[in-house]
Amino acid sequence: MAAITNSRYVPPVPSNLPRSTSTLLRLVQLQEIFQSEYPKSQRPKAIEAYAAKVKTLEGKCLKSPDLETLEKAVDNLEWGIADVYQVAKQTSEEKVIACAKRMLKDAYSLVVPPVKRSYAGLEGPVFLVEYPRGEKSKAYVIKWTNRNECCASRVYDQLSTFLGHPKDGLGFSVPHSMVFDFAQGLRECPNGEVHKLTSEERELLQQNFDALLIQVPFDESREEISPASKEVSPEERRIAVTERILGENLLDFSYTKYPSLDFAQKNKLFTRLGRLAFLDLLVGNWDRLFRIRQESGEFSFENKAEANLGNVMLVLRAGKEPPLVYAIDNAMDLTLVQDSTVRANYLAFLTRLYSDPGFMVDQLASNMVACMKVYALPDFLSGGCQQNRQHAKAHLALFNQDLEQLGYAAFSQGIREMLDCLVKEKGLISLWYGEEGAFLRDHLQGMYPEFLDSLQERLDIFQFSKKEEV
Ligand SMILES: Nc1ncnc2c1ncn2[C@@H]1O[C@H](COP(=O)(O)OP(=O)(O)OP(=O)(O)O)[C@@H](O)[C@H]1O
Ligand SMILES: [Mg+2]
Numbered sequence: 045m046a047a048i049t050n051s052r053y054v055p056p057v058p059s060n061l062p063r064s065t066s067t068l069l070r071l072v073q074l075q076e077i078f079q080s081e082y083p084k085s086q087r088p089k090a091i092e093a094y095a096a097k098v099k100t101l102e103g104k105c106l107k108s109p110d111l112e113t114l115e116k117a118v119d120n121l122e123w124g125i126a127d128v129y130q131v132a133k134q135t136s137e138e139k140v141i142a143c144a145k146r147m148l149k150d151a152y153s154l155v156v157p158p159v160k161r162s163y164a165g166l167e168g169p170v171f172l173v174e175y176p177r178g179e180k181s182k183a184y185v186i187k188w189t190n191r192n193e194c195c196a197s198r199v200y201d202q203l204s205t206f207l208g209h210p211k212d213g214l215g216f217s218v219p220h221s222m223v224f225d226f227a228q229g230l231r232e233c234p235n236g237e238v239h240k241l242t243s244e245e246r247e248l249l250q251q252n253f254d255a256l257l258i259q260v261p262f263d264e265s266r267e268e269i270s271p272a273s274k275e276v277s278p279e280e281r282r283i284a285v286t287e288r289i290l291g292e293n294l295l296d297f298s299y300t301k302y303p304s305l306d307f308a309q310k311n312k313l314f315t316r317l318g319r320l321a322f323l324d325l326l327v328g329n330w331d332r333l334f335r336i337r338q339e340s341g342e343f344s345f346e347n348k349a350e351a352n353l354g355n356v357m358l359v360l361r362a363g364k365e366p367p368l369v370y371a372i373d374n375a376m377d378l379t380l381v382q383d384s385t386v387r388a389n390y391l392a393f394l395t396r397l398y399s400d401p402g403f404m405v406d407q408l409a410s411n412m413v414a415c416m417k418v419y420a421l422p423d424f425l426s427g428g429c430q431q432n433r434q435h436a437k438a439h440l441a442l443f444n445q446d447l448e449q450l451g452y453a454a455f456s457q458g459i460r461e462m463l464d465c466l467v468k469e470k471g472l473i474s475l476w477y478g479e480e481g482a483f484l485r486d487h488l489q490g491m492y493p494e495f496l497d498s499l500q501e502r503l504d505i506f507q508f509s510k511k512e513e514v
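Numbering (our numbering), first residue to last: 45 to 514.
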């Protein structure tokens, strides 16, 4: 098995998802069986013994591949296994052999729990999937999400590569996703192509996702926040299967790996975050690195709120390279799509800011410094070992101190760089309006015209009022 470490191997979204979700579902069911039959301390040994028994079973089935042999051998295994593999249905030689091989592969995959639930999201949970499979590892994320997030992620993805013509890039990436829209029976591929699902694919996937949603247990070590029951209409619902970034979100990074960065790496990281934050401001993504508020219809920055550092992922790299930055959980605030008054007010806010770019940079950078401070360790650490907690606290103190000392200048730099990427000749704005932007514009027009309208209105600010150097 290839070891999974921080930065080297990022497995892509599996191409055969119906099969992969069936495997995942079986692994979850097996895990359930072991969880209910054995206390935590005895599980690893029990799984090891199980794998040995399945190895013997496979040997027997290869010798005499008939249902009777399979059924007899399965009788020696833990209760419930026969149902997981629908043993009674394995009525041909080929089926018996395939089933025995599947059982063995699964048994070896069980050494690590195949899926973890992350914090509950607004529309549904986020599942972090990872299990060994022969030479390779499968690692991906399943998120119950919505049309807005899928469109926003496509925008960030395309802009981050200069609409497919990367010159210098924007300093961050977006993990690639396969998106399912079961209301319309569509699959959107990582490259933006949209295909119709066959009825078998649709049925199997829907069935597997529904079963996973019910069967995946809550994480034993973390206190779960129950999802705010916000109803999303079936037309808006999507399930995204995303490549898993093998790193940490910025919050987890801040109290773990942050101190391993040297001065230049920290500066570079903060500069990249400044770039991302400015793009967020433009898109209307209010849930990441800054906070704003509305009072009597007027927008302003809100320095007394906390940012959401969970929506940036970082991957440490070897040597002196700064960490890779990934923008996840991308969305335009829904009011900007649905409420024309809020949209007009926000547009006025941005236009006002942009009329004085120096002021704009100052406002956003100081807000980031104020809101990105981390005041408390996540709950699950409070029960952990005292020494770990002390370390984590010290790391956080350093992160907060660096925000004060390096943050403002580096964020300002990043914001200016992003502004330059947007408005320079052949920059993002001109690409967006040109031929290069046609694919993305058409895609959004087809998927979510109101989203496109709203975004376009804000991009127009930059197109029509060229500004002098900041
Ligand atoms: N592609 C990914 N690779 C690795 N980890 C991920 C990925 N996507 C999400 N995660 C992890 O799961 C956490 C939650 O994911 P995400 O931010 O997408 O949903 P959420 O915060 O639950 O949704 P919401 O913001 O609507 O509440 C992230 O902070 C990150 O730690
Ligand atoms: Mg999030």
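Ideal placement from N, C-alpha and C gives every residue a C-beta, glycine not left out.
Closer than 6 Å to some heavy atom of ligand 2: that does not describe the Cβ of ASP324.
Assignment of beta-bridge partners to SER344 by DSSP yields ARG337.
Distance between TYR370 and LEU503, taken at the CA atoms: about 23 Å. Within the DSSP secondary-structure output, LYS160 pairs in a beta bridge with LEU172.
Under the three-state reduction of DSSP output, MET412 falls in the helix class.
By the Cβ-count criterion, ILE258 is exposed, with fewer than 16 other Cβ atoms from all chains shown falling within 10 Å of its own Cβ. Taking a C-beta distance under 7 Å as the contact criterion, VAL381 and ALA284 do not qualify as a contact pair. Its chain contains LEU488, GLN489 as the residues whose beta carbon lies nearer than 6 Å to that of LEU496, once the 5 sequence neighbours on both sides are disregarded; these appear in chain order. Contact check for ARG335 and ASN411: beta-carbon distance about 7 Å, within the 8 Å limit, so the pair qualifies.
Under the three-state reduction of DSSP output, TRP188 falls in the strand class.
The straight-line gap separating the alpha-carbon atoms of LEU313 and SER399 is approximately 28 Å. The DSSP-derived three-state label of MET222 is strand. Assignment of alpha helix (DSSP H) within the stretch 82-148, counting only whole runs of 4 or more residues, yields 87-107, 111-119, 125-128 in chain order. Remark: C-beta atoms of TYR200 and ASN374 approach each other more closely than 7 Å. Between the stretch 130-144 and the stretch 220-236, the count of Cβ pairs shorter than 8 Å is below three; the stretches do not touch. The Cβ-Cβ distance between ASN352 and ASP331 falls below 7 Å. Beta-bridge annotation (DSSP): SER217 is paired with TYR370. VAL185 places its beta carbon less than 7 Å from that of ARG288. Distance from the CA of PRO219 to the CA of TRP188, rounded to the nearest whole angstrom, comes to 16 Å. Taking the Cβ of THR300 as the reference point, every heavy atom of ligand 1 lies at 6 Å or farther away.
Here ASN192 has GLU280, ALA375, MET376, LEU378, VAL381, TYR492, PHE495 as same chain residues with Cβ atoms under 8 Å from its own Cβ, once five neighbours each way along the sequence are excluded.
Annotation: THR205 to SER217 spans about 8 Å, alpha carbon to alpha carbon.
Below 8 Å, too few C-beta pairs join the stretch 60-69 and the stretch 108-115 to call them touching: fewer than three. By the Cβ rule, the stretch 67-76 counts as touching the stretch 141-161, because three or more pairs are nearer than 8 Å.
Cβ neighbours of ALA95 within its own chain (closer than 7 Å, five residues either side excluded): ALA151, TYR152.
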